[in-house]
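Structure record follows, encoded as structure tokens.
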Amino acid sequence: MNGLDLNHGLTTPDEKEALIKERAIHQATTSYVLLDHSKLDEIYFAHVSTKSCHVEYIVSEQLRHHNRYNEYKKKYHF
Numbered sequence: 029m030n031g032l033d034l035n036h037g038l039t040t041p042d043e044k045e046a047l048i049k050e051r052a053i054h055q056a057t058t059s060y061v062l063l064d065h066s067k068l069d070e071i072y073f074a075h076v077s078t079k080s081c082h083v084e085y086i087v088s089e090q091l092r093h094h095n096r097y098n099e100y101k102k103k104y105h106f
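Residue numbers (this note's numbering): 29 to 106.
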């Protein structure tokens, strides 16, 4: 993923890529999203839906120092 936002969720700049990622997430038992500090508060053109899917987030140590980390942690269950 290219971005994660508290209001817009997971996003990527390419619509076709978003559809592929969304389909993979919906077909998997568990999906993993790798995030570093540069992904938070980033919004791109195409949204990737994760409704009714189990998504695990793997976060970098730097991300834990983001000023809104606790908000993201609460919403996305890091």
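Glycine is no exception: its CB is placed at the ideal position from the N, C-alpha and C atoms.
Relative to the C-alpha of residue 75, which residue among 48, 104 and 56 is closest? As a working note, residue 75 is residue 47 in the sequence shown. The residue with the shortest Cα to Cα distance from residue 75 is 48.
Buried versus exposed, by CB contacts within 10 Å (16 or more), residue 94: On the sequence shown, residue 94 is found 66 positions in, with the first residue counted as 1. Per the 10 Å Cβ criterion, buried.
Using CA coordinates, which residue listed in 78, 79 and 68 is at the minimum distance from residue 87? Within the sequence shown, the letter at position 59 stands for residue 87. It is 68.
Measure how close the beta-carbons of residue 103 and residue 38 come, nearest whole angstrom, since I'm counting them as under 8 Å. Translated into the one-based positions of the sequence shown, residue 103 becomes position 75. Translated into the one-based positions of the sequence shown, residue 38 becomes position 10. Not really, about 12 Å apart at Cβ, beyond 8 Å.
With 16 other CB atoms within 10 Å as the buried threshold, where does residue 62 fall? Sequence index remark: in the sequence shown, residue 62 carries index 34 (1-based). The residue in question, residue 62, is exposed, as its Cβ has fewer than 16 Cβ neighbours within 10 Å.
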